[in-house]
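Undergrad:
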Amino acid sequence: MIVTVFRKRMNPDAQGEYDSIAVRMSELARTIPGYVSHKGFVAADGEQATIVEFESEQALDQWRIHTEHRLAKRRAIETLFSEYKVQICSVLRERAWTARAKHGARE
55 MIVTVFRKRM NPDAQGEYDS IAVRMSELAR TIPGYVSHKG FVAADGEQAT
105 IVEFESEQAL DQWRIHTEHR LAKRRAIETL FSEYKVQICS VLRERAWTAR
155 AKHGARE
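Residue numbers (this note's numbering): 55 to 161.
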């Protein structure tokens, strides 16, 4: 599993245009074989982060070189972001846990 952590801050008045681009990129990312998931978060100080998961580095590379994605990245870097940082990470281990319903609890 490959995880990309994409952190950014927006230029003033750029959020609306970015949101439109982000919707389209979300649609496109889901079409890449090996895409797993992505979620976005906003910190209290205004920094935004998106976490994207792909099954393999090859799947991530297909996303990285996708023509429409490349154009969107260029637009965002040139006009929408005041700063950004991308980290590409390999998952070394993974653990997950989900609470079960308690005895006697009704569903």
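Beta carbons: idealized from backbone N, C-alpha and C, even for Gly.
On a predicted model such as this, the values are computed, not experimentally measured, just so you know.
Measuring alpha carbon to alpha carbon, tell me which residue in ILE86, GLY100, SER110, ASP73 is nearest GLU137.
TA: Working through the sequence shown from its first residue, we reach residue 137 at position 83. With distances taken between Cα atoms, GLU137 lies closest to GLY100.
Undergrad: State the start and end residues of the unbroken alpha helix (DSSP H) segment that holds GLU148.
TA: Counting from one through the sequence shown, the residue named residue 148 turns up at place 94. First-last for GLU148: undefined, no H or E at that position.
Undergrad: From the DSSP output, which residues share a beta bridge with GLN102?
TA: Your numbering for residue 102 matches position 48 in the sequence shown. Paired residues: LYS62, VAL96.
Undergrad: For the candidate residues VAL145, GLN116, ALA130, PHE95, whose alpha-carbon lies nearest to that of GLY70?
TA: On the sequence shown, residue 70 is found 16 positions in, with the first residue counted as 1. The option with the nearest alpha carbon to GLY70 is ALA130.
Undergrad: Just the C-alpha distance for SER144 and VAL96, rounded to the nearest angstrom, thanks.
TA: What you label residue 144 is simply residue 90 of the sequence shown in a count that begins at 1. What you label residue 96 is simply residue 42 of the sequence shown in a count that begins at 1. When rounded, the distance between both Cα atoms is 23 Å.
Undergrad: Report back the beta-carbon spacing between GLN112 and ILE86 to the nearest angstrom; my notes put them in contact at under 8 Å.
TA: In the sequence shown, the residue the question calls residue 112 occupies position 58. In the sequence shown, the residue the question calls residue 86 occupies position 32. At roughly 10 Å, the Cβ-Cβ gap does not stay under 8 Å, so GLN112 and ILE86 are not in contact.
Undergrad: Does DSSP put GLU137 in a helix, in a strand, or in coil?
TA: As a first step, residue 137 is located in the sequence shown; it is residue number 83 there, counting from the start. Looking at GLU137 - three-state DSSP - the assignment turns out to be strand.
Undergrad: Classify ILE86 as helix, strand or coil using the three-state DSSP reduction.
TA: By one-based count along the sequence shown, residue 86 stands at place 32. It is coil, neither helix nor strand.
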